[in-house]
Amino acid sequence: MSVPLTLLGLLEREPTHGYDLKRDYDAYFGRDKPLPFGQVYATLSRLTRDGKAVAGEAEPGAGPDRKRYVITELGAADVDAWLSEPVMPEPHLQTVLFAKVVLSLMLGRSAEHYLDIQRSAHLQRMRELTEIRRTATTVDALLADHGLFHLEADLRWIDLTSARLNALAEMVGKTDEPRRDNPFPQSPHRGT
Amino acid sequence: MVKSFGQTPALRGASMSVASGEIVAVMGPSGSGKSTLLHCLAGIFTPDSGEVWFDGQRLDQLSETKRTELRRTAFGFVFQFGQLVPELTAADNIALPLLLDRVRRKEAYQRAESWLSRLDLPGLGSRRTGELSGGQAQRVALARALAPRPKVIFADEPTGSLDSLASENVMELLVGITREEGTTVVLVTHDVRVGAYADREAIVRDGRVTTPDSPASSHAQAEVAR
Amino acid sequence: MLRFGLQLSLRSGREALIRLIVTAVAVGVGAALLFCVLADYHAFQASNNRECWECTQGVPASGQAKPAPGTELWTTSADYFEGQTIERLDVAALGPHAPLPPGISRLPGPGQYYASPALATLLRTVPRDELGDRYPGRLIGTIGDKALTGPDELVIFIGHKPAQLAATGANVVTKIATSPPEQVWSHYFRYAFAVGVLAVLFPMLILVGTATRLAAARREERYAAMRLVGATPRQISVVASIDAMVSALIGVLLGIGIFALVQPALANASLIGTRYFASEVTPTAAGYLGMLIGVPIVSAIAALLSLRRVQISPLGVALRVTPPAPSAWRVLPLLIGIGLFVGGLAMTSRQTIGGPAYPGLLVTMVGLVIAGPWLTAQAARLFARLVKGPSPLLAARRLADNPRAAFRTVTGLVLAVFLGTIVAGLVPAVNATTATPSANGLSNVLLDTFGGGPGGGPFGPTGLSPQSSAKLLSQLRSFNGATTYPVFNLQQSRQPSGPVSVKPGGRGGRRGRKGGGGAPQASGYDSIISCASLKGLAVLGQCAPGLKAVEVTASSLLYSDNPTFSTQPIANASNPAVSSNFSRLYLEAVLIRVKNSATLERVRTFLDTHTSQAGSANPPKTYGEAVQIRLAYADTVSRLVYIAVALTLLVAGCSLAVTVGGNLVERKRPFTLLRVSGTPTATLYRVVLLEAILPLAAATVVAAGTAYGISVLTVNRMAPAGTPTPTLGHVYYATMGVGLLISLLVILVTMPVLGRLTAPGNVRFE
């Protein structure tokens, strides 16, 4: 689960306080495991250091949580590249897949296209595993089987999500409430 | 290809090509038109518009008689269930297409026997269809499809009514034998683990094929165009 | 539930509608056939049950004509014209209110007569000297239907003066009989009709049953689905019954329509020898009602029975398991039956038929039915071994798989063909025993006798006196195209012959008194015939050379009803010579050879008008006509059997077609997929055809072969020497051929259904 990229992606919607970033992350991606504040700010510092985000003026009040962060062109390019590419298929990928789909929807990109290319990658990997199964020893075959089952589960999820994109998009849109003290206008959506 | 059944459109401009010797898995949600795609490729239906080429000749313009003959000699079919004649034995069922092609009876049955052992069904030649298990029956169906040495095998959910172990057996044999013989396979399935046995996949959605053709077949297309 | 069932039957889409129609048509054809049988039976019964006015008995008048109210003088006799019988009534009222025979409004007076419509037409069209001259007087009206058995019957009521009639020995009648005629053959006819009805009924029941099962097979899936949803078996039964009853009802209505079209042809056809009144050829309201109610009920029962057999569980039709093959022990009853029959034949003597023969025949028939499935299976296996190719393989395997079902449809056929072949084999032999060469040799020889019996009575010689006979003979000799051979009584005149008391015969009455009493003849012969006459009647034998006339025993020749006996030779070299002076002899009879039927009728008319009525015991007829009368009965029986066979063949064909259709439906998916895989339609057509034809052909061949063998054995053993080996005549082959052809056509009609059912396009519906 790539936390920096996820935070960056969340940041791309609009300039955000660190506190709000954590809150959003937990809401979408951190149900079981909320992100510690420390990790949030550490990640944000690193991103700033790498030039992918910029920290805005500090607001009155002490603490780093009062700083508003803005994404840079570099950061946006990183998010773009991340969302355009499939993840290497292997078991236990659900969280990443989910993140990518949700973020694509939030950012107005074609989640469908992403799912398609992810599906292709999964299928390719399944083909490789099947070939291994056919020719390998029993132990390797069992491992390949294990992988195949998980990939199959992913693919099932991909199919289901594909069919539910509209509902998902609505849901994502709905929970994206405008902030109370938002001096900036509505975040420009990065269309694809 | 475009194909509608009455008011219901099944294919809305689906295109695909298959190279010789390839194993292609046609997958997609139900109602996407993947079976119709297979039927059009195999010459069972003629599309309302579009072309179907096989081995340099246009399939969709042949008469029904010629297409029937082509299906008998160049294609082999495996369906999900119900294709074996119930009152015939396994050997009879396998020998049937050979007999239809006027192979002499003795030879036809010898070949059927050899296919029975090749498909791991030794000694089941004299069993009737109703006495075989699902997996055994599908293997007999596969043998029947392979016996006349077709150029293409069209399989429509061949493992649809089998459990996973039987499915694996059938797919192993299907892929193994067709690779040995160099037979092309077009396989329609909704099961991704079955589809994983193929060389590539073609995803059908809403009557269209959404995956690109294989490089080999694109090349072949270019050849034809030239 | 009823409404649901109705909806399901009538509105289930095009394919279901086609199924409904096909079943209804099949039932309709069977129903129409049954209607035809019922109609003919009704007509037969009606004719059998009419008032038998000619059975009227009376008291001999003894020459007196006492006037009394409510009485009349009455004489009935029979006459012939061109092979047809003419019923003749001579009547003379003795007072007012004389009993009136049916069909007329008043008694004919002297010089008047009533004739039946057919006879009236003949009287108009035929030359008077061939027919009309026999009847004194003029035609004053036609006889109504009440007195006739059919539109073709020839009947005449002639009026006379009482004194005239009394002199010729009439009876005094006060009441005309109204009870139906007692015919010895009517029992046999009734049995034959019953057989005919059964021959059509059983196959038709099977047809209805299989048609229903065919429909049920398709609805199995539907019923299974219903069961899944929670319908109880009882509810499914209701739906299935309604389904069956609807198509059966439509079928019967269709059958009524078909019958209405066919009825005029049926009424005009004299299938059993005589034509019936068209108004009687109807199944009557009872018949229609019975079918309308009965056939749907039977159909519903068949549907319920078939449901039981299929055992619909919620998970769909139970997996079809191959039934065990029929065992070879099934042939045993057949062999036993044949053995019994042959044994019985061996024990047969002239007097009695060997005991085991009848049960042997019965057991053979039962044995055929029992052995059928085994024979079918063997025939299928043999066929598969001999004939190459995929179609025979498929067909033969199917038959060998379930031979019982295949044989079930042809069971009725087997029995019908068996009976038909036996009849076809035996009837010609029976006919041959009647139409012997000697009988044929005298077929155009007319016989007229003038005495009460052979050998004379206690009153002396009988026949025409020498003077009358000389006159008659010279008149007869003047006929062109007729050669007369007189036969004289041996007894010389000893006393003047008194009035001969003779009793007028009833219809078909036999009065020949063989072996007369009276003056004993030392030689044992009773008649005299000239050798020249014998030469002209070659089959009767020859005199010793050089003789002019001989004594012979002519009692058989003149008085026997059976042409086999009456045409035996009467003379050979051992017959004693006698004087050829016939001038003082009484003429007992004349035999007249006529060259054509016109001459025959003229001679008959002449004899009728120029010889006294009292003289004739039987009306003059040729030996050929006598043969025909005897042949007519056998002919009628064989006609009945042929009709039954033809009907059964037809119904069996329909039944087969329906079964075949059902088989198709069962194998719809594998056949469709075979076609998808490139099997040409022609192959599948061939399979279906073979599956239907093989049992049909095998059953026919086996049944016909067995029956033919039996008839050959029977004839060889029982018929007189010289009877030719039975060969099956044209009618037999025609009947069988047409029946089989129509069956074939019916089966062929199912081909297009096969085509549509297995169209590769259907593979869409996975």
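Chains as they are written, first to last, in the working numbering: chain A, 1 to 192; chain H, 193 to 418; chain E, 419 to 1184.
C-beta atoms are modelled at their ideal positions from N, C-alpha and C, and glycine is treated no differently.
C-alpha distance - residue i paired with residue j, whole-angstrom precision
| i | j | result |
| --- | --- | --- |
| arginine 49/A | arginine 125/A | 36 Å |
| glycine 242/H | serine 212/H | 21 Å |
| methionine 193/H | alanine 99/A | 37 Å |
| glycine 374/H | leucine 251/H | 21 Å |
| tyrosine 389/H | threonine 161/A | 24 Å |
| alanine 685/E | valine 781/E | 38 Å |
| leucine 833/E | valine 845/E | 18 Å |
| aspartate 201/A | threonine 265/H | Here chain A comprises residues numbered 1 to 192, so residue 201/A is not present and cannot be evaluated. |
| isoleucine 654/E | glycine 712/E | 22 Å |
| serine 892/E | glycine 562/E | 42 Å |
| serine 480/E | leucine 1067/E | 60 Å |
| glycine 954/E | glycine 843/E | 35 Å |
| proline 528/E | isoleucine 558/E | 11 Å |
| aspartate 293/H | glycine 708/E | 55 Å |
| glycine 705/E | valine 1167/E | 30 Å |
| threonine 1143/E | arginine 1085/E | 48 Å |
| valine 664/E | asparagine 820/E | 30 Å |
| alanine 329/H | valine 1083/E | 21 Å |
| phenylalanine 801/E | leucine 1114/E | 14 Å |
| phenylalanine 575/E | leucine 537/E | 11 Å |
| leucine 401/E | leucine 313/H | Outside the modelled stretch of chain E, which goes from 419 to 1184, sits residue 401/E, for which no answer is possible. |
Delimiting residues of the beta strand (DSSP E) encompassing residue i
| i | result |
| --- | --- |
| methionine 219/H | 215 to 219 |
| glutamate 969/E | 967 to 970 |
| glycine 559/E | 556 to 560 |
Span of the alpha helix (DSSP H), counted from its first residue to its last, around residue i
| i | result |
| --- | --- |
| alanine 211/H | Where alanine 211/H is concerned, there is no enclosing alpha helix (DSSP H), given that its DSSP letter is neither H nor E. |
| alanine 287/H | 282 to 292 |
| serine 665/E | 651 to 686 |
| valine 590/E | Where valine 590/E is concerned, there is no enclosing alpha helix (DSSP H), although the beta strand (DSSP E) it sits in stretches over 589 to 591. |
| serine 227/H | 226 to 233 |
| serine 534/E | Taken as a continuous stretch (DSSP letters only), serine 534/E belongs to no alpha helix (DSSP H), as it is neither H nor E. |
Top-ranked residue by Cα proximity to residue i, from the options
| i | options | result |
| --- | --- | --- |
| arginine 506/E | Leu512/E, Ala1050/E and Ala496/E | Ala496/E |
| alanine 287/H | Ile345/H, Arg263/H, Ser318/H and Phe271/H | Ser318/H |
| alanine 967/E | Ser659/E, Asn907/E, Asp570/E and Phe575/E | Asn907/E |
| valine 332/H | His231/H, Arg303/H, Glu256/H and Leu308/H | Leu308/H |
| serine 227/H | Val384/H, Pro289/H and Leu379/H | Leu379/H |
| glycine 1079/E | Gly673/E, Val591/E, Val1164/E and Leu672/E | Val1164/E |
| leucine 894/E | Val1012/E, Lys593/E, Cys454/E and Ala687/E | Val1012/E |
| threonine 985/E | Val1045/E, Thr1023/E, Ser1015/E and Ser998/E | Val1045/E |
| proline 808/E | Val277/H, Leu366/H and Arg397/H | Val277/H |
Buried versus exposed, by CB contacts within 10 Å (16 or more), residue i
| i | result |
| --- | --- |
| lysine 564/E | exposed |
| asparagine 898/E | exposed |
| glutamine 885/E | exposed |
| lysine 889/E | exposed |
| arginine 303/H | buried |
| alanine 940/E | Only weak support is given to the placement of alanine 940/E: the predicted model assigns it a pLDDT of 49, under 50, and the value that follows is read from those uncertain coordinates. Exposed, since its Cβ has fewer than 16 Cβ neighbours within 10 Å. |
| serine 306/H | exposed |
| leucine 812/E | buried |
| asparagine 1081/E | buried |
| asparagine 999/E | exposed |
| phenylalanine 197/H | exposed |
What residues from the region 1090 to 1106 of chain E come within 7 Å of chain H, judged by C-beta to C-beta, listed N to C? Leu1091, Val1094, Ser1095, Gly1096, Thr1097, Pro1098 and Thr1101
Chain A contacts from the region 369 to 384 of chain H (Cβ-Cβ distance under 8 Å): Val384
Of all the residues that make up the region 151 to 170 of chain A, which are near chain H by a beta-carbon distance shorter than 9 Å? Leu151, Glu152, Leu155, Arg156, Asp159, Ser162 and Ala163
Interface positions of the region 770 to 800 of chain E facing chain H (Cβ-Cβ less than 7 Å), listed along the chain: none
Select from the region 816 to 848 of chain E all residues with a C-beta closer than 7 Å to any C-beta belonging to chain H, and list them in chain order. Arg816 and Asp819
Interface positions of the region 207 to 228 of chain H facing chain A (Cβ-Cβ less than 9 Å), listed along the chain: Ala217, Met219 and Pro221
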